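Peer 1:
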Amino acid sequence: MTELSHNDYIRRIRAELPPGAFSPAPRKLWIMFGHLALVVCAYCIFRFGPSVLVAFFLTLVIGHSLACLGFLTHELAHGAIVRSRPLRYALEVFFWGLNLIPATVWRRVHNQTHHIHANTPRDPDRPFLRSEESASTRWYTRLFFPNRRSLRWNPLVALHLVAYTTRNAVAAFYRPPAKPSVVPAVPGYSMRQRAMIVLELIGIVVIQAGVFLLVGRNWSAYLWASPIAYAVTSAVAMSYIFTNHFLNPISQTHDPLLGTTSVIVPSIIDRLHVHFSLHTEHHLFPSMNSDYYPLVASALRERFPDRYNRLPMLSAWKKLWRREVFSELENSATTPNEVVGMPSPQGGELN
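Under this note's numbering, think of the first position of the sequence shown as 3, with each following residue one higher.
1) Between the C-alpha atoms of Tyr-232 and Arg-85, what's the straight-line distance to the nearest angstrom?
2) Can you have a look at Lys-320 and say buried or exposed, based on whether 16 or more other CB atoms are within 10 angstroms of its CB?
3) Is it buried or exposed for Tyr-176, if we count other Cβ within 10 angstroms and need 16 for buried?
4) Within its chain, find whatever has a CB closer than 7 Å to the CB of Phe-306; leave out the 5 residues flanking it on each side and keep chain order.
5) Check whether the Cβ atoms of Pro-123 and Ala-23 lie closer than 9 Å to each other.
6) Would Asp-308 be called buried (16 or more neighbouring beta carbons within 10 Å of its own) or exposed?
7) Would you check if the distance between the CB atom of Val-185 and the CB atom of Ala-173 is smaller than 9 Å?
8) So Val-84 is in the alpha helix (DSSP H); what residue range does that whole segment cover?
9) Short check: CB of Leu-71 to CB of Phe-97, under 9 Å?
10) What span of residues does the alpha helix (DSSP H) with Arg-312 cover, start to end?
11) Per DSSP, Ser-264 forms a beta bridge with which residues?
12) Apart from the five residues just before and just after Pro-2, which ones in its own chain have a Cβ nearer than 7 Å to its Cβ?
13) State the DSSP-derived secondary structure class of Ser-289, mapped to helix, strand or coil.
14) Which of helix, strand or coil does DSSP assign to Ser-192?
15) Would Tyr-45 pass as a contact of Leu-216 if the rule is Cβ separation under 9 Å?
16) Cutting at 6 Å between CB atoms, please list the residues of its own chain near Asp-272, excluding the five before and the five after it.
17) In chain order, what residues of the same chain lie with their CB nearer than 8 Å to the CB of Val-111, ignoring the 5 residues before and after it?
18) Please name the residue in Leu-93, Ala-120, Ile-204 whose C-alpha comes closest to that of Ser-253.
19) Can you find the residues in the same chain that come closer than 7 Å, C-beta to C-beta, to Tyr-310, ignoring five residues on each side of it along the sequence?
20) In or out: Ile-199 buried (at least 16 other Cβ within 10 Å) or exposed?
21) Among residues of its own chain, excluding the 5 on either side of His-37, which ones have a beta-carbon nearer than 7 Å to its beta-carbon?
22) What residues in its chain sit with their C-beta under 7 Å from that of Arg-49, if we drop five residues either side in the sequence?
23) Using C-beta distances below 6 Å, list every residue in its chain close to Val-327, excluding the 5 sequence neighbours before and after it, in chain order.
24) Hey, out of Leu-313, His-277, Pro-314, whose CA is closest to Leu-297's CA?
25) Are the beta-carbon atoms belonging to Arg-87 and Ala-79 less than 9 Å from one another?
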């Protein structure tokens, strides 16, 4: 199938979208601080030594709210909530820090590299290519990626956000062109950016120290409130992230529709997760208010029915468990169902 550029799609559908779709939505800061308040309250309840059942419930609340904060911070990082760069960076450092992610690593990997090179060899978030097969990549994919050779209910797949963050943070300190073998691609980092990452990592440690104090300086309570809760966060986030691009082929050039998949979830979940399910729409308009993603989805279904990939979440995961461990590099992008051996600059600010 012939590839189209980002601007090809933008030209055809942007006129159908209201101007307000491209205005920042600062009211979402209230949602973010609401989730933060819920998380802090849950931390404080741990001070009273709750039963295991209550502790488990609190962990689910914390983990889910942190995932929601991750979805909202992802939107914030693209300038869809506030446009002031200093304010945005300060908020990113704090809210990404709550999720154990250095803000500068996220910006370089996601905003400034993945969005430009999604599902091409230069994409840090892509699956590994057949040419990259080695002992380390075989182990990594079988431990952390859903595929036909991994255990069907492998719990480490749900924890991949931990491995993902760790590998990209470590890779930031390699001298190019060297990189860890378990990182598909690494963006370049300046010395200033590396210094910022160090400070952000220190900030993450400070935040975790604050969590330890809030739960009453109790290691058992901290285990529930932070590491176990973060496992919940990772599971919620990865349930979407693996479906974003792993069902799509890797090609030399980036086609936002052929290289991306959106999923269908219950509407109440979709609203709660600020339409994080509509990932193709996000790739077309990164700085758009996500409230308008459903309008983009409707336009894509109408104008590009043969190129737009959207399927129920459960169906997407069934396909993920059937995919090959390593991917082939396609000469041109195709839809997921056309790939043999696999299951079927004006869109917005990137930094």
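Every residue, glycine too, gets a C-beta built ideally from N, C-alpha and C.
Every value quoted in this text rests on a predicted model; they were computed, and no experiment measured them.
Peer 2: On the basis of the coordinates in this document:
1) One Cα belongs to Tyr-232, the other to Arg-85, and the distance between them is close to 29 Å.
2) Around the C-beta of Lys-320, fewer than 16 other C-beta atoms lie within 10 Å, and the residue is accordingly described as exposed.
3) Exposed.
4) Within the same chain, Cβ atoms closer than 7 Å to the Cβ of Phe-306 are found at Leu-259, the five residues on either side in sequence being excluded.
5) No. Outside cutoff.
6) A residue is called buried once 16 or more other Cβ atoms fall within 10 Å of its Cβ, and Asp-308, having fewer, is exposed.
7) The answer is yes: Cβ separation under 9 Å.
8) Taken as a continuous stretch (DSSP letters only), Val-84 belongs to no alpha helix (DSSP H), as it is neither H nor E.
9) Closer than 9 Å, so yes.
10) Where Arg-312 is concerned, there is no enclosing alpha helix (DSSP H), although the beta strand (DSSP E) around it starts and stops at 312 to 314.
11) Ser-264 pairs with Arg-312.
12) Residue 2 lies beyond the stretch modelled for the chain, which goes from 3 to 353, so this question has no answer here.
13) Shown here, Ser-289 sits in coil according to DSSP, grouped into three states, outside any helix or strand.
14) Annotated three-state conformation of Ser-192 is coil, per DSSP.
15) It is a contact, given that the beta carbons lie within the stated cut-off.
16) Ser-279.
17) Answer for Val-111: Pro-126, Asp-127, Asn-170, Pro-189, listed in chain order.
18) Among Leu-93, Ala-120, Ile-204, the Cα nearest to that of Ser-253 is on Ala-120.
19) The answer, listed in chain order, is Leu-259, Thr-282, Leu-302, Arg-303.
20) With 16 or more Cβ atoms within 10 Å of its Cβ, Ile-199 is classed as buried.
21) Cβ neighbours of His-37 beyond the five flanking positions: Ser-67, Cys-70, Leu-71.
22) Around Arg-49: Val-217, Gly-218.
23) Within the same chain, Val-327 has close Cβ partners Thr-143, Asn-149, Arg-151.
24) Ranked by Cα distance from Leu-297, the first of Leu-313, His-277, Pro-314 is His-277.
25) At least 9 Å separates the beta-carbon of Arg-87 from that of Ala-79.
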